[in-house]
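Taking my numbering, I'd label the letters of the sequence shown as residues 197 to 521. A virtual CB, placed ideally from N, CA and C, is assigned to each residue, including glycine. Owing to the predicted nature of the structure, the values given are computational and were not obtained by experimental measurement.
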Amino acid sequence: MKKILALVCALVMACGLFVTANAEGDLLKIGYVQVGHESDWRMANTQNYFDVFTKEAGFDLELIDCDNDHALQLSKVREFVQKDFDYIVIDPIQTAGWDDVLKEVQDAGIPCIIADRSVDASPDLYTTAVGTDMTAEGETAGKWLEEYLAGKEAKILVIEGSTGSSAAIGRAEGFNKVAANHPEWEILASQDGDFTQNGGQAVMEDFIKRFPEFDVVVCHNDNEAYGAMDAMDAAGIKYGVGEKIIISFDATNEGLKRTLDGQILCDVECNPIQAVIVMNVIKALQAGETVEKFTLVPDEGFCAPGIESAIVTTMTDEVLAGRKY
Ligand code: AHR
Numbered sequence: 197m198k199k200i201l202a203l204v205c206a207l208v209m210a211c212g213l214f215v216t217a218n219a220e221g222d223l224l225k226i227g228y229v230q231v232g233h234e235s236d237w238r239m240a241n242t243q244n245y246f247d248v249f250t251k252e253a254g255f256d257l258e259l260i261d262c263d264n265d266h267a268l269q270l271s272k273v274r275e276f277v278q279k280d281f282d283y284i285v286i287d288p289i290q291t292a293g294w295d296d297v298l299k300e301v302q303d304a305g306i307p308c309i310i311a312d313r314s315v316d317a318s319p320d321l322y323t324t325a326v327g328t329d330m331t332a333e334g335e336t337a338g339k340w341l342e343e344y345l346a347g348k349e350a351k352i353l354v355i356e357g358s359t360g361s362s363a364a365i366g367r368a369e370g371f372n373k374v375a376a377n378h379p380e381w382e383i384l385a386s387q388d389g390d391f392t393q394n395g396g397q398a399v400m401e402d403f404i405k406r407f408p409e410f411d412v413v414v415c416h417n418d419n420e421a422y423g424a425m426d427a428m429d430a431a432g433i434k435y436g437v438g439e440k441i442i443i444s445f446d447a448t449n450e451g452l453k454r455t456l457d458g459q460i461l462c463d464v465e466c467n468p469i470q471a472v473i474v475m476n477v478i479k480a481l482q483a484g485e486t487v488e489k490f491t492l493v494p495d496e497g498f499c500a501p502g503i504e505s506a507i508v509t510t511m512t513d514e515v516l517a518g519r520k521y
């Protein structure tokens, strides 16, 4: 039935009659299963969906905060299928375990968009994906460190993002690829901080006890970096140029503020402003157009003032002023 409605919809669209209403002329029902509320990045991403998928724009958005619970996320997708939503957008908490539910969405004829993170499933099982390249983000961080250290030895600690998430997997893969070329680098430990400030702090407290000597802390997101800083502050450990090196990901406003202050030496962006891209994909599908299997959300890296880099952009007041989230 959905497939017939989609066809009718495409024909009407071709006649230029409407853009985002479904075949009954109602608002388009969009179900979004959001990862949770673990980080500033996540809150910015959620707000961006509320800002873009408005009733005025022709959408009825139901966004579910899945609180980092994979089973809950699967059950909410199934609820959207039962309620016959027009589109389902999934931001997968973890890469694994999606085949069955994606097949159910497909069998129901509901277009499915994978957003932000990725799944370990055949691309034939979903309509399209929108997101950043997490492996490239990890590689950017590694290449910046390579440039900054210029052959010096380094003992490295890693506070990972949530285990099993494509964000953590990709960033680790990208960074490790660069690290593999540097026998003078030693990764002392790599531990899950769950993308939260508390998680980052707890892992860093543990690292400080176990590794009295280290040079670099790689945090898989800004909130983990703030937690790591809290732990280092409490232990009287200094960070910045000439001190311990902190590398982070996300490049949120607060993250870039701390980069401009010289506390974080390199912050690699992961852009949460993705809703308008998802909306354009939906509009294209409504118009019966073929969409790319993957739309890349571009991002870049930043480093602290006083550091010259060919890899990332050196922070300025103007860059910070332009960073809304
Ligand atoms: O999937 C994006 C990642 O998840 C962001 O880096 C992080 O802050 C978030 O929680």
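DSSP three-state assignment for residue i, whether helix, strand or coil
i      : result
GLY327 : strand
GLY227 : strand
GLY518 : coil
GLN387 : strand
GLU335 : helix
GLU275 : helix
GLU258 : strand
TRP340 : helix
ILE478 : helix
ILE289 : coil
GLY484 : coil
ALA311 : strand
MET209 : Annotation note: pLDDT 39 at MET209 (below 50); position unreliable, no value reported.
ILE404 : helix
THR512 : coil
VAL301 : helix
ILE306 : coil
PHE493 : Here the sequence assigns Val to residue 493, which means Phe is not the residue at that position. Correct three-state label for VAL493: coil.
LYS199 : For LYS199, the pLDDT reaches just 43, beneath the cut-off of 50, and the residue's location in the model is therefore unreliable, although a value from the coordinates is still provided. Note: LYS199 maps to helix in three-state DSSP.
ILE473 : helix
PHE498 : strand
TYR283 : strand
Proximity winner among the options, relative to residue i (alpha-carbon distances)
i      : options                        : result
ASP316 : VAL297, GLY293, GLY327         : GLY293
LEU492 : ILE226, CYS262, LEU298, THR328 : THR328
CYS466 : ALA364, PHE246, ALA385         : ALA364
LEU353 : ASN372, ALA346, GLU343         : ASN372
ILE355 : ALA385, GLY347, ALA376         : ALA385
ILE460 : ASP446, ALA431, PRO468         : ASP446
ASP263 : GLY396, VAL231, ASP303         : VAL231
TYR422 : GLY396, LEU345, LYS225, GLU300 : GLY396
In chain order, each beta strand (DSSP E) run of at least 3 residues that lies wholly inside the stretch 347-373: 350-356
Any chance you could list the residues with Cβ under 6 Å from a heavy atom of ligand 1, keeping chain order? GLU234, SER235, TRP237, ARG238, ASP312, ARG313, ALA363, PHE391, ASN417, PHE445, ASP446, CYS466
Taking only runs of the beta strand (DSSP E) that begin and end inside the stretch 415-469, which ones reach a length of at least 3 residues, in chain order? 441-446, 462-465
Are at least three pairs of beta-carbons, each pair with one atom in the stretch 440-456 and one in the stretch 412-426, less than 8 Å apart? yes
Three-pair Cβ contact test at 8 Å for the stretch 464-478 versus the stretch 383-400: no
Does the stretch 220-227 come close enough to the stretch 395-404 to have 3 or more Cβ pairs within less than 8 Å? no
Okay, do the stretch 330-338 and the stretch 274-285 touch, 3+ Cβ pairs below 8 Å being the bar? no
contact_flag[the stretch 286-300, the stretch 504-513] where n(CB pairs < 8 Å) is 3 or more: no
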